[in-house]
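S.K.: So the sequence shown is residues 1460 to 1541, counted in the numbering used here. Cβ coordinates follow ideal geometry from the N, Cα and C atoms, glycine included.
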Amino acid sequence: MILGFISMSLIAFGFDRVLNDQMKRFSLILSISVITLFLYQATFVINFHAVQWGVIFVAVLVAMMNLIKSKERSILDFLKRN
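1) Since V1514 and S1490 are thought to touch, with beta carbons under 8 angstroms apart, how far apart are those beta carbons, to the nearest angstrom?
2) Taking the Cβ atom as the reference point for each residue, do L1496 and M1523 lie within a distance shorter than 8 angstroms?
3) Taking the C-alpha atoms as reference points, what is the distance between N1525 and I1494?
4) Identify, in the order they occur along the chain, each residue of the same chain with its Cβ nearer than 8 angstroms to the Cβ of Q1511, setting aside the five sequence neighbours on each side.
5) Would you tell me roughly how many angstroms separate the C-alpha atoms of V1521 and S1492, rounded to the nearest one?
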């Protein structure tokens, strides 16, 4: 999990050339699960934790956009290729 967050932050800052394809796929799956967790949190608990998850959500979105922009046109193309 921590390794996935490190790889997501590397992708967010544009250092995705360092990571191999398996690591990118793992961070993409982790990103989707974090987004799902955020939606779950925001639905039931609106408090400080929702704000904290919101910050993580924005970071994950930036990482996913950079990942997709760097190599592929869509998430499905990325997953098909791997």
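M.R.: Result, derived from the coordinates:
1) The Cβ separation is near 14 angstroms, so there is no contact.
2) no
3) The alpha-carbon atoms of N1525 and I1494 are separated by roughly 16 angstroms.
4) none
5) 15 angstroms
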